[in-house]
Structures are given as structure tokens and as C-alpha cells.
Amino acid sequence: MQLRLRKHWSRLACAAAVVGAMGAGAPQALADVIKIGAPLALTGGLADEGKKQKIAYDMWLERVNAAGGIKVGDTMMPVELVVYDYQTDGKRAGQLTEKLITSDKVNFITAPFGSGHTKIAAGVAERYGVPIMASVASSESVYDQGFQNLFGTLAPNTGLTDNMLKLFKAKMPDTKTVAVLGREDVFPNAMAKALVEGAPNFGYSVVYDQRYSVGTLDHSATLSAIKAANADWIYVTGYTQDLILLRKQMADLGLTAKIVTMITGPAYKEFVDALGPLADGVNSASWWHHATTYQSSDVFGSTKAFYDAFVAREGSDPDYVHASSAAALVALQAAIENAGSIDPDKVRAALRDVSITTFYGPIDFGANGMNGGRDLPIIQVQDGTVVVLFPEAIKQAELKAF
Amino acid sequence: MDVQTLLNGLVLGGLYACIAVGFSLVWGVLNIINMLHGSFIILGAYLAFFAHAAFGAHPFLSLPFIAAALFGLGYVIQRGVINRVVSSPVLITLVLTFGLDMILYNAMVLGFSATPRRLALDMGRIDILGATLPLDRIAAMALAVALTAMLFQVLRGSRIGRAIVAVRMDRDAAALMGVRVPQIYAITFGIGACMAGAAGSLMSVVFPFSPAMTGLFLGKAFIVCVIGGLGSVPGALVGGLALGLIESMAGALIGPQEAVLAGFVVMLALLIFKPTGLLGKAGYE
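Put into C-alpha cells, the structure is as follows:
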């Protein structure tokens, strides 16, 4: 009897929950706070990267709210950031994006870290028509899905590789062959493909082209094969931990070349710190470097002001993840101000028209929602420090042979 | 196949054996799939890292202390927590160790951050038979095999070792013979953790590590156990060497993309055709 009663109760509770959820789906009155939802990888494998996004968001948020909020029409609306930890689990990132939209009623969303997780969250945001700002997704395979609500601040991968090919051929004309090794994952794979496709246009022939699977603990066999190919240029893509291991194993096997590129190793301080002297000579492309000198009318004011504020706050140099993440919210803010509304349709339309120079560089979303290409920096570790080789305007040093 | 590929595989295999032997012992004797094993290895690696940072101790020297510390941790966990449910179906202990692993893993992320660390102790390399091999790997592999051999000797020659083997063969009969089974369980789990800690300090010399790698090591331990056979030290050694050679050869012959896959394919094939593994005896699993 008691059991049956309990069954009834649970059924009643279910019904109540369904009714409640239906009620929650009804249109709500205009909020007086702008809510931005942020699913972040604060624990798990990408915890460091997730924390970088959070620092950048917080820096932006403090400045915006100190100024009274974002100007929407005639009123200033303060901003609230709703953060959830998706624990580096793509599936959970999707669930939390849904929760942010349906239960926290956020007006806008920021995407999680990396192309793979961004794609998942963007799919959810698209279903609900909520604009989503991606700060760390650069693979075009994320943007070619016909999403109307996805806007990304990183430029396409091909922009990175073409500049590299051009620069290296100009500085070291005697380099002719390149060996390509990439991690079988969305972004590293795209970067490897972009180089393989671009190489012949600049007079390079690809003598080795392979992918290693996620979870590879040892690269001896692969690196032995690359050694046998005897390439002038070794080009590797992956994430920091793979790249540290690969560089160490290259040294173990005595494998070297005139040019060694590791995408995007040197863009991360962790890479240089962990490798020490072994990092010397390794180059990479990056989406941003603090040596750039943009002046802007956003909450940061200029690249230098952003850099100084960051160093004062964190005690270390910002990398492209920090800058791009803050820039994504700067672009959203500009769109809301231009739209004079927080209506998703109006802001989405305004995001398409955004064309501004920020502390991070120009932001102008293309038809697929991706920020337009520009001269992206090429960097190299020289004597333990990261220097800019390209573009000319901010060059700090010449390319050194590895 | 060239000498380089063969030697790469053997060196890697020796490390795999050391990763797996403790896991295999716990699975074989306690019938517990210890999901904590990967985290124990990483914890060992971090202890070696910090011992080096604080006291300048080489991981090969701090290894006995780290192994002892992990033995204590493993003993306490088994005695205090797992022993309460040890005779429940395997799923219960699996869920329990899975939960404990989540706690330990996230504690490590909080305490040590997810930034990959590396011990910069590059010891140079030597040329053997036309192949180039790094000295640190060879030393780590030699130590790994020595530790595995030592464990084998302990299980064969000592009273505790014989008691562990007796419990593995027949828990009830062992109890009737006066073996204190809960105590043996705790010691066995402690030895498993101790081997993981020792493996971790060896790994810290060879691989960059972060808490994110716990699953990777656990996965390798799993495959090695299935290939070699559960619960026996020679099984773990043979399984480890086999996996190292398979991955190395697949990487050289088919390409790196399929190297990890090859290990899983062999594991599946063995599960179908010889579920006891290469050296396992039926009835022990």
C-alpha cells in the first residue's frame, strides 16, 4: 500500500515538473540584467585552458560593470556571468549549454574550449536561437555547419599556415621538404591538412604526412620514420602535452631539421617552461601576441593596456586564449550597443555587421561567423624567450635555424 | 623490421609491464578492477617531481620512499573502505574505486593544476646495433623489469607472498588454513598501489605528465592484463612487452594513426580466442 502511494506521489511530482518546465518555456519579461552563460572546462584535462577563458571573461566583466554595464538604448544594463564547469566532457558541455539557456535564461552564451567542444555547444545554441561567442575555435569544420548564431574571434587555420610557408621560403630558400605529423583531433588535424595542401604552392614537397591517435603514449616509431625521411622542416601539430613529449623524444632519437614547427606549442607558456632548453628554436604560428600595438575604444583601450592590466593581475604574460576570450565579449558588447537591444535576433544581426578594431586586433565576422583573416603572428623561442618573427610591423627577431 | 623498431618496442613494453603489474595483482587476487590505478601512477609521478624540486632527489632515488608512501595509502584505502564491500559483485567495487578515483583525480587537478609537468633530466642517448635509444628510458625500463622481478620473488618466496597466492587460488580454503584474508587483501592492494607509485616515479623521467593522463595509464594496464593474463607477474611482463612491440611495429608498418588501435585489436582477438591471456590459467580470473 505504502509502495503504491509512493508511486502515485512520484507520478504527481513528475507531472508537476513537466508543467513547471512548460511554464518556464513561456516568454519572459525583459530582464534588467544581461545574463551571459559560460560553460567552462574548470576541471579535467582542459582545466588550465578553461581557467584562462574565465580570467579573460572576469577582466572584461569587472570593467564593464565598473562603468555601469552595457549601454542598451538609453539605459545601462549590468552584466551577470553564469558559469558552469563542464569538466572537459563534451557531452556535458552540450547539456550545460542547454541548462544555461532553458533554466538560467541567459541572453547569450560563450563557447567552451576548442573546436570540438565548441561545435557541440554551438549545435545546442542554434536550436534555441541564442547567439554564441566562440573564442577558441579556429577549425572551419566548426563554422561550415550553417550555424546562424555562432561567431568566432579566431581567424581560419589556413591564414596561419600560408604566412608560415611564405616566410620560411623567403628566409631559408634552400629548405625544400617538409614532414608533417598531426594529432588525430579536430584542430590539429585541420592545421596539418592546411599545411599539406598549402606546401606545394610555396615550393615545398611533403615527404611524410601522418596522424597519431589521441592517447598515444610513445612516438619513437613515428619519429624514427620521420628521421628516415630526412626532411628540411618538421611540422607537428597537437596539444601542449603531446608536443612536450614529441620534442623530448626528438631529442632522445637525435632527430633534428633546419626548421621545427610545433603548432601551437610556443604560444603557451607551459610549453616553454616544461621543455626548458629543448624549446629553443621551435616556432609556431599564433592568433595573437602581446607585442601587437592596436589602439581601441573598447573597455581595454589598447593591446598594451590589456597586457599591463593582465600582468598586474596574474603576474604572467597573457596568451592568445586570454586575448581572444576577452575579445569575444568585447565584440558582443559592441553588437548589443549597436543593436540597442538584447533581443537575440537584433543582436545576431548586429554581430554580422560588427567591424571594429579591438585591443586584440580587427574583428569582422564573415558569412560563416568566423573572424576575417589578417597577418597572424609567427613566433619562435629564442634563448628561452618567445619572439615575434612576423608580421614585419611588430617583428622582434629574424628566423633562426633550429 | 629494423632494430630501432624492435628496441623501441621492448623499452616501451618494459614500462608498460611496470604500469600493469600492480593492477593485475589486485584484479587477480581481490577480483577488484581498481580504477584508482592510473591516478596512483600519476600521484607517484607528482611525488617524484616535487621531491626533485624540493630536495633535488633523483626519481630513481626517491622511488623507494614514494613506493612506501603509496603502499600506506593503498593499505588504508583497502582496510578502511574497500574491504567493507570486497565480497560484493565486481560492479560494486568497480563503482567504489571509480568514485574514489574521481576524488583523487580532481584533488590532483586542484592541487597540482592540469598544466603538464616534466622532469628535465635528459640523460643523453646511446647507439646500440645502429639504433638510437635514450638512456633515461633504458634505465627506467631496467628498473621497471627489476621491480617486477622483485615482486615475483616476494610472491614466490615470502610467507606473505604465499598467503596472497593462496587467497587468489581459494579464499575459503586459505581462511581455513589460518590466513587472515582481510589483512592479505589490504596488503595486496597496498602492493598494487606501491607498484603504481614506483611506476609513476619512473614515468616522471620518461613522459611529461598531468592528471589528465590517469585514464591513459589505466587503459594501458587493462590491455596488458588481458593480453598477458590476469593476476600473474610473468603475465604482466609478457603482456607489457607484447603491447610495447605491437604498438611499435604497428606504428612503423601501418602508421601512427593505427598504432594505439592495434593494441585494442589484439586485446579483442585474445578475448575471443584465448580469454585467459597468453600466460593466464583458466579459473584464476
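Protein chains in written order, with numbering that gives the first Met the number 0: chain S, 0 to 401; chain R, 0 to 284.
Ideal Cβ placement from N, Cα and C applies to all residues, glycine included.
Keep in mind that this is a model prediction, so the values were computed, not measured.
Nearest neighbour of V265(R) by Cα position, chosen from I91(R), P210(R), L244(R), turns out to be L244(R). Q86(S) counts as buried, since no fewer than 16 other beta carbons sit within 10 angstroms of its beta carbon. Counted as a single uninterrupted DSSP element, the alpha helix (DSSP H) harbouring Y306(S) occupies residues 302–313. Y56(S) sits in a helix when the DSSP states are folded into three classes. Listed as beta-bridge partners of K70(S) by DSSP are M75(S).
The segment 85–97 of chain R and the segment 60–69 of chain R do not touch, with fewer than 3 CB-CB distances between them shorter than 8 Å. N30(R) is positioned such that its CB atom lies no closer than 8 Å to that of P181(R). For the segment 115–132 of chain R, the set of residues with a beta-carbon nearer than 8 Å to any beta-carbon of chain S comprises P115, R116, R117, A119, D121, R124, T131, L132, in chain order.
At least one beta carbon of chain S lies nearer than 8 Å to the beta carbon of Q3(R).
Scanning chain S for C-beta atoms nearer than 7 Å to the C-beta of V259(R) yields S212, G214, T215, reported in chain order. Residue contact check for F49(R) against chain S: no CB pair falls below 8 Å. Comparing alpha-carbon positions, the option among N7(R), V10(R), H36(R) lying closest to L215(R) turns out to be H36(R). Residue burial annotation: S137(S) is buried, with at least 16 other C-beta atoms found within 10 angstroms of its C-beta.
In the three-state reduction of the DSSP assignment, M171(S) falls in the coil class, being assigned neither a helical nor a strand state.
The DSSP-derived three-state label of L375(S) is coil.
Cα atoms of L388(S) and G13(R): separation of roughly 43 Å, rounded to the nearest angstrom.
Between the segment 39–47 of chain R and the segment 201–209 of chain R, the count of Cβ pairs shorter than 8 Å is three or higher; the stretches touch. Taking every protein chain shown into account, the CB of P130(S) has 16 or more other CB atoms within 10 angstroms, so this residue is buried. One finds nothing in chain S with a Cβ atom closer than 9 Å to the Cβ of S203(R); even the nearest lies about 12 Å away.
In the DSSP annotation of this structure, the continuous segment of the alpha helix (DSSP H) that includes T239(S) starts and ends at 239–252. Counting C-beta pairs with one atom in each stretch, the segment 352–359 of chain S and the segment 289–305 of chain S have three or more that are closer than 8 Å, which means they touch. Boundaries for N282(S): no alpha helix (DSSP H) harbours it, while the beta strand (DSSP E) harbouring it runs 282–284, taken from the DSSP string.
Under the Cβ criterion of 8 Å, F111(R) is not counted among the residues facing chain S. Under a criterion of Cβ atoms nearer than 8 Å, the residues of chain R adjacent to G43(S) are, in order, V108, A113, A211. Exposed is the label assigned to G98(R), since fewer than 16 other Cβ atoms lie within 10 Å of its Cβ.
At a cut-off of 8 Å between beta-carbon atoms, A195(R) makes no contact with chain S. When Cβ-Cβ separations below 8 Å define contact, P58(R) makes no contact with chain S.
Your pair R246(S) and L216(S) does not check out as a contact, with CB atoms roughly 15 Å apart and the cut at 8 Å.
For the pair of segments examined, the segment 195–214 of chain S was found to touch the segment 249–256 of chain R: the number of CB pairs separated by less than 8 Å reaches three. Scanning chain S for C-beta atoms nearer than 7 Å to the C-beta of A139(R) yields nothing, as the closest lies near 12 Å away. With a threshold of 8 Å between beta carbons, E313(S) makes no contact with chain R. For R351(S), the secondary structure class from DSSP, reduced to helix, strand or coil, is helix. Using a Cβ-Cβ cut-off of 8 Å, L244(S) counts as an interface residue toward chain R, since at least one Cβ of chain R sits closer than that to its own. Per DSSP, the continuous alpha helix (DSSP H) segment holding A258(R) begins and ends at 255–272. In the DSSP assignment, K118(S) falls within the unbroken alpha helix (DSSP H) covering 113–127. Here the C-alpha atom of Y15(R) lies approximately 21 Å from the C-alpha atom of L60(R).
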